[in-house]
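Residue numbers (our numbering): -11 to 148. Let me begin by presenting the structure, written as C-alpha cells, before commenting on it.
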C-alpha cells in the first residue's frame, strides 16, 4: 500500500481538499486497497480544527466529503510512515525537505502534475472568497488525476 501525505501550511484549506479529492478518485477507480491518504500542515496553527469553511463548502458542492478531517502538523514519524509527500507549494516543499528531513525521493510538488501549468504553487485561498476555493479545487482536481496516473505507473513498475 502506498501512503500519501498532502501538505500545506495550516492543513485547513489546500491539503484537506487534496486529500479528499485524491481519496474520491482512488475509490472511484476501485484502488482503495492500494492507497492511503492523509494531510498535514508544516505548522500547528490549526491543530485539531476542521477544514476551512470555504474548503468544506466547495468540497460538498462537488460531492466530496472532508468533514471528518482534522488539522494536524507534520510529525517526524511521518518520514517513516509515508511513502510520498505532496507539497502544495515550494515553501512547504522546502520546509519538508530541510526542517523535517524528508528525503527528496519522497517529495513531490502538487503543481508538477498540473496539465495547465507545471511547477507553480497551488494558491492559498485563505482569506479570499468562494471563487478562490473553487479555483484551488479545480487545480487540485486536475493534479490528483495526473498524480494518481503517476503513482499507478510506479506501482505497476514495482509489482513487476
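Beta carbons are placed, not taken as given, at the ideal position from N, Cα and C, and that holds for glycine.
- Taking C-alpha positions only, residue 143 is separated from residue -7 by approximately 17 Å.
- Residue environment: residue 103 is assigned as exposed (fewer than 16 neighbouring CB atoms within 10 Å of its CB, all protein chains considered).
- Ranking 111, 21, 76 by CA distance to the CA of residue -4 puts 76 first.
- Looking from the CA of residue 35, the closest CA among 65, 138, -2 belongs to -2.
- Burial is judged here by how many other beta carbons sit within 10 angstroms of a residue's own beta carbon; residue 98 has at least 16 and is buried.
- In the three-state reduction of the DSSP assignment, residue 94 falls in the helix class.
- Within the DSSP bridge table, the entry for residue 75 names -5, 97 as partners.
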